[in-house]
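All remarks here apply to the structure that follows.
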Amino acid sequence: MTLRNVWSPQRRNRRDVDVYLPPSYARGRRRYPVVYMQDGQNLSDPSIAFAGTWDLHRVLARLAVRGIEPIVVGVHNVETRLAEYSPFPDRKHGGGEADAYLAFLIDTLKPRIDRMFRTRRQASHTAIFGSSMGGLISLYAWFRAPNAFGVAGAMSPALWYGRERLFDTLADARAFRSLAAAKGLRVGDRFSYVEESGARHQEAYWSARLVEALEFLLRPRA
Numbered sequence: 002m003t004l005r006n007v008w009s010p011q012r013r014n015r016r017d018v019d020v021y022l023p024p025s026y027a028r029g030r031r032r033y034p035v036v037y038m039q040d041g042q043n044l045s046d047p048s049i050a051f052a053g054t055w056d057l058h059r060v061l062a063r064l065a066v067r068g069i070e071p072i073v074v075g076v077h078n079v080e081t082r083l084a085e086y087s088p089f090p091d092r093k094h095g096g097g098e099a100d101a102y103l104a105f106l107i108d109t110l111k112p113r114i115d116r117m118f119r120t121r122r123q124a125s126h127t128a129i130f131g132s133s134m135g136g137l138i139s140l141y142a143w144f145r146a147p148n149a150f151g152v153a154g155a156m157s158p159a160l161w162y163g164r165e166r167l168f169d170t171l172a173d174a175r176a177f178r179s180l181a182a183a184k185g186l187r188v189g190d191r192f193s194y195v196e197e198s199g200a201r202h203q204e205a206y207w208s209a210r211l212v213e214a215l216e217f218l219l220r221p222r223a
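What follows is the structure, given as structure tokens:
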């Protein structure tokens with residue numbers, strides 16, 4: 002279903018929000034983890050997707066077979082996408098308005114989703130996910146608001162933004178992995194780092210890795 006023209010008092014704008022319910026939602030009263038995905042218009046509808054879709058319906062069907070059934074909230078971007086997804090301003094591209102966008106997600110959208118649907122409201126069951134600039138804002142949300150988003154996924158994150166380095170995505174990702182390890186967050190049960198040789202910076206390649214990514218993020222842990 003689609004929530005049309007959701008108003009953001011923090012950003013003073015409106016956007017559509019798509020909500021994907023798991024196959025078992027209509028049966029029983031159980032509650033579900035939630036994944037807030039950025040660039041939501043690219044998830045399933047080719048008529049509005051920017052460069053192809055993530056084929057989310059197929060992804061969710063495969064996850065359901067594995068016993069993982071999240072509610073997915075696809076938050077459409079708006080004309081001020083770069084500004085909303087960037088924590089810090091870039092000399093060339095501007096931006097740096099991520100905190101107001103996060104306030105919209107946390108204080109306006111999440112309470113509405115929690116009221117409307119049977120969600121597991123704890124941060125440990127609330128993920129934020131994105132690619133490119135959407136990956137950047139997802140990582141930032143995880144750092145900035147861990148009490149809201151206890152889980153985060155980022156594919157090809159635009160870690161260059163704000164440092165005038167457009168083509169250092171892989172080097173920046175490796176630097177992030179090293180920084181995470183230095184802070185005690187090593188690859189293992191709670192942190193995953195994947196490089197795929199030959200993959201491109203576009204939806205089809207991100208979609209191909211989405212099942213494994215969401216399974217890692219949402220699987221039960223002790």
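Sequential numbering from 2 applies to the sequence shown in this note's numbering. In this text, a Cβ means the ideal position worked out from N, Cα and C, and glycines have one as well. Please read these numbers as outputs of a predicted model, since none were measured by experiment.
Under the three-state DSSP convention, the category residue i falls into
i: T109; result: helix
i: V79; result: coil
i: F118; result: coil
i: T3; result: strand
i: S9; result: strand
i: F168; result: Only weak support is given to the placement of F168: the predicted model assigns it a pLDDT of 38, under 50, and the question is left unresolved by the model.
i: F144; result: helix
i: A84; result: helix
i: G154; result: strand
i: R220; result: coil
i: S125; result: helix
i: G131; result: strand
i: A149; result: coil
Beta carbon of residue i nearer than 9 Å to that of residue j
i: S25; j: A65; result: yes
i: P71; j: P34; result: yes
i: A133; j: A153; result: According to the sequence provided, residue 133 is Ser. The question's Ala does not apply to it. Cβ distance not < 9 Å, so S133 and A153 don't count as in contact.
i: R113; j: V7; result: yes
i: A104; j: P88; result: no
i: K93; j: A149; result: no
i: S157; j: L57; result: no
i: R12; j: T81; result: yes
i: M38; j: G135; result: yes
Beta-carbon separation (whole angstroms), residue i vs residue j, contact threshold 8 Å
i: A9; j: T109; result: At residue 9 the sequence reads Ser, which differs from the Ala that was named. Between T109 and S9 the Cβ distance is about 6 Å, and since that is below 8 Å, they are a contact.
i: G131; j: D40; result: 6 Å
i: L215; j: I69; result: 7 Å
i: V212; j: V79; result: That belief does not hold up - the Cβ atoms of V212 and V79 are roughly 28 Å apart, past 8 Å.
i: A128; j: L44; result: Contact flag wrong, Cβ pair sits at about 14 Å.
i: Y86; j: L137; result: 6 Å
i: A52; j: Q42; result: With a Cβ gap of about 11 Å, A52 and Q42 do not count as contacting.
How do the stretch 9-22 and the stretch 73-92 stand: do at least 3 beta-carbon pairs fall below 8 Å, yes or no?
-> Segments in contact, yes.
Secondary structure, alpha helix (DSSP H): runs of 4+ residues fully inside the stretch 3-77 = As for any alpha helix (DSSP H) of minimum length 4 sitting wholly inside the stretch 3-77, the runs are 57-66, ordered along the chain.
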